[in-house]
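Peer 1:
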Amino acid sequence: MKKANFSRRGVLKTGAVAGAGLMLPTYLRAESHTGFTNAPTGDTVTFGFNVPQTGPDAEEGLDELRAQELAVQHLNGEGDGGMLSTFSQKNLDGTGILGKKVNFVTGDTQTKSDVARAAAQSMIQKDGCIMINGGSSSGVAVAVQGLCQEAGVIFMAGLTHSNDTTGKDRKANGFRHFFNAYMSAAALAPVLEKAYGTDRQAYHLTADYTWGWTQQESMAAATEAMGWTTTQNVLTPVGAGDFSSYIAPVLNSGADILVLNHYGGDMVNSLTQAVQFGLKGKQINGKDFQIIVPLYSELMAKGAGSNIEGVYGSMNWNWQLQDDATKAFVKSFGEKYGFPPSNAAHTCYVQTLLYADAVTRAGSFNPCAVVEALEDFEFDGMGNGPTTYRGSDHQCFKDVLVMEGTASASGNANMVGYDTLKIVEQTPRAQVEYPEDHPMFAGGALGDCNPGA
Amino acid sequence: MLGLTKKDFSLFILVVALTLLAPIILNPFPVNSSLGQTFNAGYPALLQRFAIFGILVVGFNILFGLTGYLSFGHAAFLGVGSYAAVWMFKLLSFNIIPAIVLSVVVAGLFSVVIGYVSLRRSGIYFSILTLAFAQMSYALAYSVLTPLTNGETGLQVYPSDPQVLASVGAPSAPHIFGLPMAQSATWSGGGWVFTFEVGYYLCALMLILAFYLSIRIFRSPFGMMLRAIKSNQTRMNYTGLNAKPYMLRAFIISGMYAGLAGGLLAAMDPLTGAERMYWTASGEIVVMAILGGVGTLIGPVVGSGVIKYLENIVSKINDNVLHSALRALPDGLENFLVNIIHPFVGEGWHLTLGLLFMVVVIFLPGGLVQGGQKLGAMFNRQSGNTTAAERDAARQTPSKPAE
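Protein chains in written order, with numbering that gives the first Met the number 0: chain A, 0 to 452; chain B, 0 to 402.
Laid out in structure tokens, this is it:
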């Protein structure tokens with residue numbers, strides 16, 4: 000080993016260089032401030048579409064991306080305009096936003112919070128995005144929403160169903176159009192009461208993480224209110240693959256309803272196995288055994304195939320609705336891609352248009368102006384009927400669809416999942432509303448809107 | 000100089016220069032050019048990741064590169080470090096010093112426990128034990144310990160948290176004695192824009208210190224002992240030396256490096272989630288080390304840099320970008336090329352990484368560092384520039400990837 004040799008000259012030299020290095024930033028700091036992060040300067044404005052393109056939720060993410068691309072086309076005046084013609088606000092005329100052409104960049108969240116945040120940071124810091132849209136899981140949505148709040152851009156959430164996104168983790172810069180676990184339960188309960196009566200024993204299998212818990216809590220509360228009893232709630236590990244050891248005990252538990260608080264591949268597996276165990280044909284307590292899947296998606300229905308026949312669930316939106324807006328959107332999506340849009344695609348499409356409209360009404364891209372324009376904003380013609388963005392928690396309130404699985408109507412293998420779900424009821428919005436300080440949503444605060452730099 | 004040999008010192012200076020100038024080097028193209036929009040990587044969030052994952056893999060290399068013990072659960076220490084740091088933010092204040100200190104300490108303690116148990120076995124059994132521990136930590140963080148970790152949603156700081164040491168007027172984001180991590184200076188000229196961020200330079204400083212420490216460990220008698228374990232542990236036992244304490248020490252040091260990286264991740268971005276501990280995250284660390292060059296000094300930094308670049312830059316190249324980049328070509332050729340490149344970029348970046356990894360493992364068992372040396376040797380007849388450790392690594396790694 001050699002001893003370090005400090006000469007006076009060396010120390011002075013190093014000191015001078017280090018000093019100059021430290022001084023440098025003060026000279027460089029003279030940058031112009033526009034009042035908010037990534038204020039668009041040229042004749043374009045950039046959106047960031049942050050969706051899972053690889054990993055377990057990739058299919059859903061890619062469908063979201065299709066809808067987002069379509070929304071950008073419509074904003075820029077390409078294609079047939081989709082919902083622009085049915086939207087109750089007529090500010091968007093296909094010339095971009097405030098005269099600026101809309102560009103977009105995409106990122107892959109891999110359904111991991113860290114990766115999603117890295118992608119969002121790159122969109123904000125490198126690509127100069129003014130708004131981030133996307134997400135296919137609540138953990139990711141909450142993480143990216145927090146990031147956008149800190150960075151001072153707007154986050155328009157995609158598919159995220161946990162109560163927390165607009166509950167305990169709500170943020171001033173974040174907005175959710177999608178419904179949530181509480182609304183699913185509130186919409187399902189009356190339909191279940193009508194179909195299965197008030198004297199039922201429900202057994203819950205619940206994905207063991209925050210979304211599963213909030214979903215189970217909401218379902219238990221809503222069904223118990225109409226007289227059902229919850230015999231047991233069993234937590235299952237996420238991505239378990241094999242649920243047989245969880246399903247076997249259901250048969251001997253005396254329960255006559257099985258509630259599967261699972262999503263994605265877990266739901267496909269647990270439902271398939273429940274059907275294989277013969278649960279659906281059983282008679283227990285003199286009643287037919289029934290299965291409920293509180294949250295449906297087209298992709299889950301596709302995976303579960305014919306097993307979903309007679310199984311109730313809920314959705315935010317479905318392509319089979321008969322209003323003009325839905326028809327217009329399904330037509331332009333179908334013409335471009337050859338199949339109907341999923342409900343994840345719909346929410347991302349609508350969120351993009353809503354953001355564009357809010358900017359136009361506010362006359363500025365400043366996040367605080369956009370927040371003000373979106374808060375307590377009432378609109379129609381987006382496929383869900385009259386809708387309100389509540390100002391106190393940035394959650395959209397609208398009708399919720401109760402769905403039932405059926406046999407494929409067209410017999411077309413490509414339409415499984417799209418036509419194997421049938422709309423049973425459009426639960427009116429008044430029935431799914433809740434006060435913003437409801438115990439399942441308490442503990443959060445929006446804080447102030449953050450325009451960033 | 001600084002207790003390093005001349006060769007090591009010049010390597011160290013190279014690393015120092017690269018890290019300090021990274022915001023400039025990684026932004027080689029003007030901001031608004033299409034090349035710049037696609038390939039520039041010099042934005043703070045990614046630079047921070049380069050440095051932080053550099054630290055992580057440099058630490059991992061002390062264990063894997065020197066002792067040959069392949070830990071498949073290193074992400075657990077990263078995650079534990081992050082959780083510790085975020086809790087410090089929640090309880091004390093947004094000052095990063097206590098957060099980083101605690102994250103290193105907690106990861107150190109955690110690695111004592113895991114190391115003590117796992118090091119009872121060697122080879123594949125050791126790897127599986129560490130993997131099992133990491134998956135256990137992941138499952139605990141994901142659901143069982145939700146009150147402590149906030150489960151799937153991830154732990155973050157809320158305005159309602161106590162923050163007992165927070166002074167009035169302190170920034171409401173991580174800072175070091177009032178200087179926010181997110182503060183930056185930009186320097187623009189002639190279409191180029193360079194951003195120098197406080198957070199990045201903190202990470203860079205830590206990387207430089209971590210790298211220096213790693214050189215000293217590689218060249219110390221302790222490092223020699225670790226290398227002896229790798230070459231033949233039985234022989235060491237026969238000479239009457241007990242190898243366990245040395246391995247445990249190496250394991251703890253490398254766990255603390257991971258804890259530091261985790262603490263820094265939280266300090267740059269005060270949120271953490273369980274998936275930071277998932278087994279694929281551990282696997283990624285192994286891939287980074289092998290890609291760069293196991294047992295070499297600079298390999299880990301290179302490997303982590305390449306993977307983070309692919310993950311953040313190549314994964315964002317979509318068809319629109321390709322079309323605009325190849326616009327000059329005739330339409331037919333353009334579409335043809337886009338179709339050829341398409342599977343390798345965007346969501347297909349894993350494919351590119353896989354191919355690169357295969358090429359490296361098959362043709363360059365010493366990692367990209369060995370590739371660099373081969374290139375250097377081609378242009379420079381006297382290839383005496385390789386250090387002993389690097390030759391050593393090139394010779395010994397071929398047997399490793401099989402694990």
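Just so it is clear, CB atoms sit at the ideal spot from N, CA and C, and this is done for glycine as well.
Model, not experiment: these values are computed from the prediction.
Do A:Val201 and A:Thr159 have their C-beta atoms closer together than 7 Å?
Peer 2: The question names Val, but residue 201 of chain A in the sequence shown is Ala. Contact flag unset, no.
Peer 1: What residues are listed by DSSP as bridge partners for A:Asp235?
Peer 2: As written in the sequence, residue 235 of chain A is Thr, which differs from the Asp given in the question. Answer is A:Ala206.
Peer 1: Which complete alpha helix (DSSP H) runs does the stretch 309-393 of chain A hold, if anything under 4 residues is left out?
Peer 2: 323-336, 342-361 and 366-373
Peer 1: Distance, Cα to Cα, B:Val112 vs B:Ala106?
Peer 2: 10 Å
Peer 1: With a threshold of 8 Å, are at least 3 pairs of Cβ atoms found where one atom belongs to the stretch 365-378 of chain A and the other to the stretch 107-125 of chain A?
Peer 2: no
Peer 1: Return the chain-ordered list of same chain residues with a C-beta closer than 7 Å to the C-beta of A:Asn306, the five sequence neighbours on each side being excluded.
Peer 2: Leu270, Thr271 and Val274
Peer 1: How big is the Cα-Cα spacing for A:Gln52 and A:Ala344?
Peer 2: 14 Å
Peer 1: Hey, B:Leu296 and B:Val359 are a contact pair by Cβ (cut 8 Å); roughly how many whole angstroms apart?
Peer 2: 18 Å between Cβ atoms; not a contact.
Peer 1: Counting only beta-carbon atoms, is B:Lys315 nearer than 7 Å to chain A?
Peer 2: yes
Peer 1: Which of the three DSSP states, helix, strand or coil, is assigned to B:Asn241?
Peer 2: coil
Peer 1: Name the chain B residues whose beta carbon is nearer than 7 Å to that of A:Tyr208?
Peer 2: Close partners of A:Tyr208 in chain B (Cβ separation under 7 Å): Tyr141, Ser142, Gly150 and Glu151.
Peer 1: Please name the residue, chosen from B:Ser323, B:Phe362, B:Pro220 and B:His174, that lies closest to B:Ser32 on a Cα-to-Cα basis.
Peer 2: B:Ser323
Peer 1: I need the straight-line Cα distance from B:Val285 to B:Ala265, nearest angstrom please.
Peer 2: 22 Å
Peer 1: Please identify the residue among A:Gly410, A:Glu424, A:Asp163 and A:Thr213 whose C-alpha is closest to the C-alpha of A:Met402.
Peer 2: Selected option, being the one with the closest Cα: A:Glu424.
Peer 1: Determine, for B:Ala44, whether the minimum Cβ-Cβ distance to residues of chain A falls below 7 Å.
Peer 2: yes
Peer 1: In this structure, what does DSSP give as the bridge partners for B:Ser183?
Peer 2: Paired residue(s): B:Glu196.
Peer 1: Which bits of chain A does B:Arg48 rub up against, with CB to CB less than 8 Å?
Peer 2: Ala117
Peer 1: Given a cut-off of 7 Å, decide if A:Ala221 and A:Ala185 are closer than it, judged by their beta-carbon atoms.
Peer 2: Against a cut-off of 7 Å, the Cβ pair of A:Ala221 and A:Ala185 comes out as a contact.
Peer 1: Check each residue of the stretch 345-377 of chain B: if its Cβ is closer than 9 Å to any Cβ of chain A, include it; give the result in chain order.
Peer 2: Gly345, Glu346, Gly347, Trp348 and His349
Peer 1: I'd like to know if B:Glu333 contacts chain C, where contact means its C-beta is closer than 7 Å to some C-beta of that chain.
Peer 2: The structure shown contains no chain C; its protein chains are A and B.
Peer 1: Kindly indicate which three-state DSSP category A:Gly253 falls into: helix, strand or coil?
Peer 2: coil
Peer 1: In the DSSP assignment, the beta strand (DSSP E) including A:Met155 goes from what residue to what residue?
Peer 2: Ile153 to Ala156
Peer 1: Looking at the ligand FMN, does it come within less than 6 Å of B:Thr185, judged from the CB to the closest heavy atom?
Peer 2: With respect to the ligand FMN, the structure offers nothing, as it holds no ligand at all.
Peer 1: Starting from the Cα of B:Gly353, find the closest Cα among B:Phe195, B:Glu310, B:Phe335 and B:Gly41 and give me that residue.
Peer 2: B:Glu310
Peer 1: So, is the C-beta of B:Gly383 closer than 7 Å to a C-beta in chain A?
Peer 2: Caution is warranted here: a pLDDT of 49 is assigned to B:Gly383, below 50, making its placement in the model unreliable, and the coordinate value is therefore given only provisionally. No, no contact with chain A.
Peer 1: Using a C-beta cutoff of 7 Å, does A:Ala441 count as contacting chain B?
Peer 2: no
Peer 1: Excluding the five sequence neighbours on either side, which residues of its own chain have a C-beta within less than 7 Å of the C-beta of A:Tyr336, listed in chain order?
Peer 2: Arg65
Peer 1: Using 7 Å as the threshold, is the C-beta distance between A:Thr426 and A:Gly382 below it?
Peer 2: no
Peer 1: Are at least three pairs of beta-carbons, each pair with one atom in the stretch 94-105 of chain A and one in the stretch 351-360 of chain A, less than 8 Å apart?
Peer 2: Yes: at least three Cβ pairs fall under 8 Å.
Peer 1: With respect to the beta strand (DSSP E) encompassing A:Ile422, which residues constitute its N-terminal and C-terminal limits?
Peer 2: Note, A:Ile422: beta strand (DSSP E), Leu420 to Thr426.
Peer 1: Report the rounded CA-to-CA distance for B:Leu34 versus B:Ile339, giving the unit in angstroms.
Peer 2: 19 Å
Peer 1: Listing by chain order, which chain A residues have their CB less than 7 Å from the CB of B:Gln134?
Peer 2: The premise fails here: B:Gln134 is roughly 11 Å from chain A at the closest Cβ pair, so nothing lies under 7 Å.
Peer 1: Quick one, which residues of the stretch 282-315 of chain B are near chain A if we go by CB-CB under 9 Å, in chain order?
Peer 2: Lys307, Glu310, Asn311, Ile312, Ser314 and Lys315
Peer 1: Determine the chain B residues that contact A:Glu59 at a beta-carbon separation under 7 Å, and present them in chain order.
Peer 2: Near A:Glu59 there are no residues of chain B at all, since even the closest Cβ is about 13 Å away, more than 7 Å.
Peer 1: Tell me the rounded alpha-carbon separation between A:Gly60 and B:Tyr200.
Peer 2: As the crow flies, the alpha-carbon of A:Gly60 is around 35 Å from that of B:Tyr200.
Peer 1: Return the bridge partner residues of B:Thr94 from the DSSP annotation.
Peer 2: According to the sequence displayed, residue 94 of chain B carries Asn and not Thr. Answer is B:His174, bridged to B:Asn94.
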